[in-house]
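*Asks:* I'd like to ask you about the structure that follows.
Numbering (our numbering), first residue to last: 96 to 183.
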C-alpha cells in the first residue's frame, strides 16, 4: 500500500517529486524506509509505555523535572524493555 502511494499518488500530487520517485528502485527504497521507521517508532513507543507509572510518580516526588524524569528514570527502564522487543 505504501509503495502504491509513493509510486503513483505522490508524483501526481507533487510533480516536483516525479524525477526522484519515478525511478522504481528509489520509490521502493523510500517506501520500505518509511514503513520500517514507523514499525521501529511503534516498538520504541511500546518500550516507553511499558514503564510503570509509579516510577514517574516517584521521580516527581523527588522533585525531578520532566526532562530529568524522562532522562534518568523512564528512558533507562524503557530501553531494557525495548531490547527484548526489538529482536522479535
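Quick reminder that beta carbons are idealized off the backbone N, C-alpha and C, glycines included.
As the structure is a prediction and not an experimental result, all values here were calculated from the model.
Can the beta-carbon of residue 158 be found less than 9 Å from the beta-carbon of residue 169?
*Replies:* For the purposes of this step, residue 158 is taken as residue 63 along the chain shown, with counting starting at 1. For the purposes of this step, residue 169 is taken as residue 74 along the chain shown, with counting starting at 1. No, Cβ-Cβ distance for residue 158 and residue 169 is not below 9 Å.
*Asks:* Considering only their Cβ atoms, is the gap separating residue 102 from residue 116 smaller than 9 Å?
*Replies:* Mapped onto the chain shown, residue 116 falls at position 21. Mapped onto the chain shown, residue 102 falls at position 7. The answer is yes: Cβ separation under 9 Å.
*Asks:* Would you kindly work out how many angstroms separate the C-alpha atoms of residue 163 and residue 132, rounded to a whole number?
*Replies:* Taking the first residue of the chain shown as 1, we reach residue 163 at position 68. Taking the first residue of the chain shown as 1, we reach residue 132 at position 37. The straight-line gap from Cα to Cα measures roughly 27 Å.
*Asks:* Report the residue from 172, 96, 177 whose alpha carbon sits nearest the alpha carbon of residue 129.
*Replies:* The sequence position of residue 129 within the chain shown is 34, counting from 1. Checked all of 172, 96, 177; the closest Cα to residue 129 is 96.
*Asks:* Compare the beta carbon distance of residue 177 and residue 138 with 9 Å and say whether it is the shorter of the two.
*Replies:* Numbered from its first residue, the chain shown carries residue 177 at position 82. Numbered from its first residue, the chain shown carries residue 138 at position 43. Yes. Within cutoff.
*Asks:* Using the three-state DSSP reduction, which class does residue 167 fall into: helix, strand or coil?
*Replies:* Position 72 of the chain shown, counted from the start, is the residue given in the question as residue 167. Correct three-state label for residue 167: helix.
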